[in-house]
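A.B. asks: Here the sequence shown is numbered in the working numbering, starting from 50 and rising by one per residue. Questions regarding the structure given below will be posed in turn.
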Amino acid sequence: MSAALGPKLVEVSDLSLAYLHEDRPLQVLFGVTFSIAPGEVLGLVGESGCGKSTVAYQLLGYRPPSARVLSGSVRLSGVDLLTLSRAELDRLRGNRIALIPQNPASALSPGMRVGRQVAEVLTAHRRASGGSAPKARAAELFEAVGLPEPRRIGRRYPHELSGGQQQRVAIAMALACGPDLLVLDEPTTGLDVTTQQQIVALLAELRRRKRMAMLYVTHDLGLLAQIADRVGVMYAGRMVEVAPTGILFSQPRHPYTRGLIASIPQIRPGERLGKRLRGLLQRDELPPGCPFQPRCDFAEAACAAELQVLEEAAPGHEVACRRWRALAPPAAVPATLRAEPTEAAPLTPLLALDSLVVTYRAAGSVFAKPVAAVRGVTLAIERGETLALVGESGSGKSTVARAISGLLRPSAGQIRFGGEPLAGLLRHRPRELRRIIQYVFQNPDASLNPRMRVGSILARPLEVFFDAAGADLRGRIARALDDVRLDESYAERYPDQLSGGERQRVAIARAVVAKPALLLCDEVLSALDVSVQANILDLLKRLRAEHHLSMLFISHDLAVVREIADRIAVLFRGELCQVGPSRVVFQAPMHPYTHALLMAAPSGPAAIARPVEAGEPGPLRPASGQGCPYAGRCAWQAGAICEREPPPWLEAGNGNRIRCHLSLSELEARALWRAEPRQVEGAIRPAEGRATP
Numbered sequence: 050m051s052a053a054l055g056p057k058l059v060e061v062s063d064l065s066l067a068y069l070h071e072d073r074p075l076q077v078l079f080g081v082t083f084s085i086a087p088g089e090v091l092g093l094v095g096e097s098g099c100g101k102s103t104v105a106y107q108l109l110g111y112r113p114p115s116a117r118v119l120s121g122s123v124r125l126s127g128v129d130l131l132t133l134s135r136a137e138l139d140r141l142r143g144n145r146i147a148l149i150p151q152n153p154a155s156a157l158s159p160g161m162r163v164g165r166q167v168a169e170v171l172t173a174h175r176r177a178s179g180g181s182a183p184k185a186r187a188a189e190l191f192e193a194v195g196l197p198e199p200r201r202i203g204r205r206y207p208h209e210l211s212g213g214q215q216q217r218v219a220i221a222m223a224l225a226c227g228p229d230l231l232v233l234d235e236p237t238t239g240l241d242v243t244t245q246q247q248i249v250a251l252l253a254e255l256r257r258r259k260r261m262a263m264l265y266v267t268h269d270l271g272l273l274a275q276i277a278d279r280v281g282v283m284y285a286g287r288m289v290e291v292a293p294t295g296i297l298f299s300q301p302r303h304p305y306t307r308g309l310i311a312s313i314p315q316i317r318p319g320e321r322l323g324k325r326l327r328g329l330l331q332r333d334e335l336p337p338g339c340p341f342q343p344r345c346d347f348a349e350a351a352c353a354a355e356l357q358v359l360e361e362a363a364p365g366h367e368v369a370c371r372r373w374r375a376l377a378p379p380a381a382v383p384a385t386l387r388a389e390p391t392e393a394a395p396l397t398p399l400l401a402l403d404s405l406v407v408t409y410r411a412a413g414s415v416f417a418k419p420v421a422a423v424r425g426v427t428l429a430i431e432r433g434e435t436l437a438l439v440g441e442s443g444s445g446k447s448t449v450a451r452a453i454s455g456l457l458r459p460s461a462g463q464i465r466f467g468g469e470p471l472a473g474l475l476r477h478r479p480r481e482l483r484r485i486i487q488y489v490f491q492n493p494d495a496s497l498n499p500r501m502r503v504g505s506i507l508a509r510p511l512e513v514f515f516d517a518a519g520a521d522l523r524g525r526i527a528r529a530l531d532d533v534r535l536d537e538s539y540a541e542r543y544p545d546q547l548s549g550g551e552r553q554r555v556a557i558a559r560a561v562v563a564k565p566a567l568l569l570c571d572e573v574l575s576a577l578d579v580s581v582q583a584n585i586l587d588l589l590k591r592l593r594a595e596h597h598l599s600m601l602f603i604s605h606d607l608a609v610v611r612e613i614a615d616r617i618a619v620l621f622r623g624e625l626c627q628v629g630p631s632r633v634v635f636q637a638p639m640h641p642y643t644h645a646l647l648m649a650a651p652s653g654p655a656a657i658a659r660p661v662e663a664g665e666p667g668p669l670r671p672a673s674g675q676g677c678p679y680a681g682r683c684a685w686q687a688g689a690i691c692e693r694e695p696p697p698w699l700e701a702g703n704g705n706r707i708r709c710h711l712s713l714s715e716l717e718a719r720a721l722w723r724a725e726p727r728q729v730e731g732a733i734r735p736a737e738g739r740a741t742p
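So this is what it looks like as structure tokens:
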């Protein structure tokens with residue numbers, strides 16, 4: 050695979066690797082070849098299971114006992130890492146090569162203060178000796194990655210930090226010894242868009258300042274557009290396309306790359322280029338030729354038999370497809386946005402929240418003042434409607450859903466279902482009400498019992514709510530699996546035998562099999578790659594239509610909710626900022642926080658330089674707190690009134706309500722965002738070869 054001109058820091062050549070599975074080798078990498086120059090960022094993208102993380106860990110010399118290298122080499126500055134001993138690798142790891150993991154919460158030791166953890170890295174590699182020097186250096190690193198009050202942060206344990214702060218600590222730890230290469234394995238997956246943008250901006254700045262090379266592994270093509278020089282696309286263990294980032298987005302050659310790009314959720318109205326990917330990667334059904342042939346709309350009979358290798362389509366642009374010359378540029382396909390609801394609505398909404406308040410005691414003392422996780426939220430969901438609740442981590446979205454489901458008791462306010470008050474806790478609700486409100490959790494790994502087969506998981510609600518048994522039970526399980534497009538054989542599988550998308554389908558089937566009226570979907574797409582996201586979105590839209598479901602769809606991704614939501618409610622620090630029809634919320638004027646979310650979205654306006662909000666979100670306010678919750682981070686403040694008085698609700702028309710001290714005309718004047726792209730003088734534009742962050 051061609052790379053940038055000049056010396057190479059990393060050279061991976063013909064790497065093939067297998068794992069022993071039931072005493073048989075299962076090959077997962079096939080002849081992977083690429084290089085990375087000093088200071089270059091190479092993005093590695095593909096669906097779950099394509100092998101991108103396996104490749105990344107080979108750069109760290111990590112091979113579990115079951116791994117077998119079948120061929121190839123992995124060289125760092127000419128030294129083959131595959132030939133080094135454990136001791137030699139230990140001297141390299143953290144020193145010349147460092148990892149920033151996907152989940153810092155599991156990578157950081159829960160029983161050690163974070164400052165000491167960073168100091169330990171320095172001591173291990175003799176970059177700081179004894180006494181206070183390692184701790185002082187750790188504080189410097191915390192400051193360098195934008196953590197507030199670095200010495201105070203250093204005295205905290207990981208669980209006392211937010212997700213964004215934990216990831217900054219992990220970055221500080223990786224930077225401790227000034228490595229030549231950073232390996233980033235999905236470092237922003239699961240973070241909200243504003244935190245995500247802060248982390249990407251930080252990485253881009255570190256790259257510019259330190260000329261540090263990076264291998265950035267992700268399923269999020271939108272993020273790579275902001276930081277990567279080149280992108281390699283992987284499918285089923287093979288590299289199928291590589292190109293400069295800007296070229297890959299504007300001129301994708303491989304049908305799989307086209308499908309990935311078309312699967313990116315669109316935050317703007319209009320058309321997408323090309324058709325979304327169909328189906329899922331099934332490694333046990335791959336043909337001897339092109340692995341993508343079973344899912345390819347352009348395949349010929351010869352594709353299934355003839356294995357394709359990378360060939361040069363243009364300078365620096367390689368593709369593994371026998372038909373790339375014959376493919377026309379991707380055709381524009383109308384984006385499938387949610388139709389606007391009709392004006393006529395029932396007099397009584399299905400669900401109504403009236404001044405909902407949920408408070409917690411601050412950790413550390415029973416005498417501490419309660420803090421409001423949710424404060425005065427008033428919302429309604431109509432029958433058959435999808436209401437999206439959006440906001441960053443810690444905004445109270447999941448707390449609202451848990452209060453509706455009865456997992457949390459509201460501190461004040463009322464929840465009504467079909468006009469009747471709901472008991473605060475689930476155990477106080479009758480069985481019928483427990484049935485018609487169902488919850489789909491963010492992480493199916495945690496919500497599905499690993500010791501139960503899929504059939505037993507689906508049987509449980511059928512037995513509890515419908516007393517189903519025997520042939521009736523088996524028939525309902527089969528229909529439930531068919532509903533989410535899984536065949537009957539899945540009933541005999543365990544959750545760990547399924548892909549992430551398949552597990553989420555089972556979680557959805559378990560909820561829908563109870564025949565609910567209201568489905569609470571809590572970040573159900575946040576950890577899935579874009580093609581699986583698109584599949585799950587299509588599934589939810591179909592189930593909503595077939596079963597006439599109402600949904601509360603919780604997400605931090607406005608591009609995703611645009612495709613499914615009738616209305617959007619924006620939440621910040623437990624308080625509503627804006628509520629309106631989906632189409633209208635994306636028009637100016639808008640609340641400053643909604644504007645920040647839109648500007649931070651990776652699939653947002655590439656032609657506009659996105660301002661990324663600096664600093665960490667503030668703590669939850671006391672339950673008696675006054676003023677606007679967003680005042681501490683708002684760049685559009687109206688003055689002292691923002692800190693002193695709660696903002697009023699403004700009627701912006703078409704059902705759009707905004708809570709702000711600024712007038713609608715002032716909000717309109719300050720907004721950079723427009724539903725249709727516009728050029729802004731001095732804005733950063735994507736380069737031909739690489740998109741500038």
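Glycine is no exception: its CB is placed at the ideal position from the N, C-alpha and C atoms.
Out of P150, D129, Q151, point me to the one whose CA is closest to L141's CA.
C.D. replies: Here the closest residue by C-alpha is D129.
A.B. asks: Does DSSP put A645 in a helix, in a strand, or in coil?
C.D. replies: Looking at A645 - three-state DSSP - the assignment turns out to be helix.
A.B. asks: Assuming A363 is part of the beta strand (DSSP E), what are its boundary residues?
C.D. replies: Here the beta strand (DSSP E) through A363 covers 360-363.
A.B. asks: Within 8 Å of any Cβ in chain C, is that where the Cβ of G88 sits?
C.D. replies: Any reference to chain C falls outside this structure, which holds one protein chain only.
A.B. asks: Could you check which residue in R706, M648, N705, H644 has the C-alpha nearest to that of Y679?
C.D. replies: Per the Cα distances, H644.
A.B. asks: Apart from the five residues just before and just after P56, which ones in its own chain have a Cβ nearer than 8 Å to its Cβ?
C.D. replies: Answer for P56: A86, P87, listed in chain order.
A.B. asks: Would you decide whether H70 is buried or exposed? Buried here means 16 or more other CB atoms lie within 10 Å of its CB.
C.D. replies: Per the 10 Å Cβ criterion, exposed.
A.B. asks: Taking the C-alpha atoms as reference points, what is the distance between V634 and V555?
C.D. replies: Whole-angstrom Cα-Cα distance: 32 Å.
A.B. asks: Should the segment 103-116 be regarded as contacting the segment 290-300, the criterion being three or more beta carbon pairs within less than 8 Å?
C.D. replies: Not touching, per the Cβ criterion.
A.B. asks: Contact defined as beta carbons within less than 8 Å: I believe M600 pairs with L574. What is the distance between those atoms, to the nearest angstrom?
C.D. replies: About 13 Å; that fails the 8 Å criterion.
A.B. asks: Can you give me the C-alpha to C-alpha distance between L598 and R302, rounded to a whole angstrom?
C.D. replies: Approximately 40 Å, taken between the alpha carbons.
A.B. asks: Give the straight-line distance between the Cα atoms of S447 and Y488, rounded to the nearest whole angstrom.
C.D. replies: So the two alpha carbons sit approximately 11 Å from each other.
A.B. asks: Taking just the CA atoms, how far does G425 sit from V59?
C.D. replies: Distance between the alpha carbons of V59 and G425: 55 Å.
A.B. asks: Name the DSSP bridge partner or partners of W698?
C.D. replies: R708, per the DSSP bridge assignment.
A.B. asks: Please classify D63: does DSSP put it in a helix, a strand, or coil?
C.D. replies: Correct three-state label for D63: strand.
A.B. asks: First and last residue of the alpha helix (DSSP H) that includes A156?
C.D. replies: A156 -> alpha helix (DSSP H) spans 153-156.
A.B. asks: Between which two residues does the beta strand (DSSP E) containing M288 stretch?
C.D. replies: Counting along the chain, the beta strand (DSSP E) containing M288 begins and ends at 287-293.
A.B. asks: Could you round the C-beta distance between Y265 and G92 to whole angstroms and report it? I think they count as a contact, below 8 Å.
C.D. replies: Right, the Cβ-Cβ distance comes to about 5 Å (below 8 Å), so this counts as a contact.
A.B. asks: Which same chain residues, not among the five before or five after A461, have their C-beta less than 6 Å away from its C-beta?
C.D. replies: Here the set comprises V406.
A.B. asks: DSSP three-state label for E715, please.
C.D. replies: Residue state, collapsed to three classes: helix.
A.B. asks: Note down the Cα distance separating L251 from R542, rounded to an integer number of angstroms.
C.D. replies: Cα to Cα, L251 sits roughly 42 Å from R542.
A.B. asks: Where does L757 fall in DSSP's three states?
C.D. replies: Given a span of 50 to 742 for the chain in the structure shown, any question on residue 757 remains unanswerable.
A.B. asks: Spatial neighbours of E572 within its chain, please: C-beta separation below 7 Å, excluding the five flanking residues on both sides.
C.D. replies: Result list for E572: Q491, I603, S604, in chain order.
A.B. asks: Helix, strand or coil: which one does DSSP assign to Y679?
C.D. replies: Looking at Y679 - three-state DSSP - the assignment turns out to be coil, as it is neither helix nor strand.
A.B. asks: Which residues does DSSP list as the beta-bridge partners of I690?
C.D. replies: Note: I690 sits in no beta bridge, so no partner.
A.B. asks: Contact check, G203 vs G164 under 8 Å by CB: the rounded distance?
C.D. replies: That belief holds up - the Cβ atoms of G203 and G164 are roughly 3 Å apart, short of 8 Å.
A.B. asks: Let me check one thing: in DSSP terms, what residues is R327 bridge-paired to?
C.D. replies: DSSP lists no partner for R327.
A.B. asks: Confirm, please, whether the CB-CB distance from L438 to A608 is below 8 Å.
C.D. replies: No.
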